[in-house]
Amino acid sequence: PWDQWVADYSRIRNEIERCYPQHFRDFNTRFLDPGGFHRDIKASKRVWETPNKKANFKLPSMLEANPDIDLSGDNVLTLITVRSNDQFNTTVYGYDDRLRGIYGTRMVLLMNEADIQRFGLSAGQEIDLETHADDGVERRVRGLRVTSYSIPEGNCAGYYPELNPLVPLWHRAKKAHVPAGKSLPVRVVPRKTPARNGLL
Numbered sequence: 005p006w007d008q009w010v011a012d013y014s015r016i017r018n019e020i021e022r023c024y025p026q027h028f029r030d031f032n033t034r035f036l037d038p039g040g041f042h043r044d045i046k047a048s049k050r051v052w053e054t055p056n057k058k059a060n061f062k063l064p065s066m067l068e069a070n071p072d073i074d075l076s077g078d079n080v081l082t083l084i085t086v087r088s089n090d091q092f093n094t095t096v097y098g099y100d101d102r103l104r105g106i107y108g109t110r111m112v113l114l115m116n117e118a119d120i121q122r123f124g125l126s127a128g129q130e131i132d133l134e135t136h137a138d139d140g141v142e143r144r145v146r147g148l149r150v151t152s153y154s155i156p157e158g159n160c161a162g163y164y165p166e167l168n169p170l171v172p173l174w175h176r177a178k179k180a181h182v183p184a185g186k187s188l189p190v191r192v193v194p195r196k197t198p199a200r201n202g203l204l
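Our numbering applies: residue 5 is where the sequence shown begins, and numbers increase by one.
Take a look at the structure:
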């Protein structure tokens, strides 16, 4: 049915309504209402369908984020890879991230101002970023621009897929086996010469 769905998206909405009638009754009609429509989800009303009728939380079995990498060292930061607001997964539609106030490039490293000063860097300075892992493989992304941002001290952030080369294949979530791109120890290396645009 893919060709039919592509030709008329209302057919997709019909299928969604068929699968989830309790949430998407008259989907194609209500879809056109100004402001959309409210989905009647019980949790939004604090109604919990659990044995004790309360919200239940589970604690993870371990709280150590990086058991496979040594985090020690004065110059080590924890990298969080993020998407921009004009990005869907690894598809990038533009170079402006209105959400974070970044325009014209994705080759940035968002850092806490205290870390910028501690490393003797300045906003706008070009740096390289390398993975802090002692496995004999050099993983480095060149030519990132230091950008002051409201992020916890000791952490930094940058865009993926640009920073994907920093993530070792073996550094992944214990159960899901997805790359651990939200918690990666990295080192900042100041550049002596500017990198060419787009050079990793």
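Beta carbons: idealized from backbone N, C-alpha and C, even for Gly.
Since the model is a prediction, treat every value here as computed from it, not as a measurement.
Exercise for review: Inspect the CB distances between the stretch 142-152 and the stretch 88-102 and report whether three or more fall short of 8 Å.
Suggested key: Fewer than three beta-carbon pairs drawn from the stretch 142-152 and the stretch 88-102 are found closer than 8 Å, and the two stretches are therefore not classed as touching.
Point to revise | Alpha carbon of Ile20 to alpha carbon of Pro189, nearest angstrom | key: A direct Cα-to-Cα measurement between Ile20 and Pro189 gives close to 42 Å.
Review point. Does DSSP put Asp132 in a helix, a strand or coil?
Key: Strand at Asp132.
Point to revise | Rounded distance between the beta-carbons of Ile131 and Leu113, thought under 8 Å | key: Between Leu113 and Ile131, the beta carbon gap of about 7 Å places them in contact (Cβ cut-off 8 Å).
Point to revise | Among Gly124, Leu148, Phe123, Pro5, the one whose alpha carbon lies nearest that of Leu133 | key: Of Gly124, Leu148, Phe123, Pro5, the residue nearest in Cα terms is Leu148.
**Study point:** Per DSSP, the bridge partner or partners of Arg15
**Key:** According to DSSP, which records beta bridges pairwise, Arg15 is partnered with nothing at all.
Check your understanding: Would a C-beta distance cut-off of 8 Å place Ala127 and Ser154 closer than the cut-off?
Key -> With a cutoff of 8 Å on beta-carbon distance, Ala127 and Ser154 are scored as not near each other.
Exercise for review: Thinking Tyr24 and Arg110 are a contact (beta carbons under 8 Å), I'd like their distance in whole angstroms, please.
Suggested key: Contact between Tyr24 and Arg110 is ruled out by a C-beta separation of about 36 Å, above the 8 Å threshold.
Exercise for review: Pick out whichever of Ile45, Phe35, Thr33 has its Cα sitting closest to the Cα of His27.
Suggested key: Comparing Cα-Cα distances from His27 to each of Ile45, Phe35, Thr33, the minimum goes to Ile45.
Exercise for review: Starting from the Cα of Ile84, find the closest Cα among Gly158, Thr197, Gln8 and give me that residue.
Suggested key: Nearest C-alpha to Ile84: Gly158.
**Study point:** Pro172 vs Asp139 beta-carbon contact at 8 Å
**Key:** In this structure, Asp139 lies closer than 8 Å to Pro172 by Cβ.
Exercise for review: Output the residue ranges of the beta strand (DSSP E) runs that lie fully inside the stretch 111-190 and measure 3 residues or longer, sorted by chain position.
Suggested key: Complete beta strand (DSSP E) runs here, min 3: 112-115, 130-135, 144-152, 159-163.
Practice item. Identify which residue in Trp174, Gln8, Arg176, Gly185 has its Cα closest to the Cα of Ala161. Key: The shortest Cα separation from Ala161 among Trp174, Gln8, Arg176, Gly185 belongs to Gly185.
Review point. Thinking just about the alpha-carbon of each residue, which of Gly124, Pro55, Lys57 is nearest to the one in Arg195?
Key: Checking every option, the nearest Cα to that of Arg195 belongs to Gly124.
**Study point:** Which of helix, strand or coil DSSP assigns to Val51
**Key:** In this structure, Val51 counts as coil in the three-state DSSP scheme.
Review point. Can you tell which of Arg17, Ala47, Asn60 has the C-alpha that lies nearest to the C-alpha of Arg34?
Key: The residue with the shortest Cα to Cα distance from Arg34 is Arg17.
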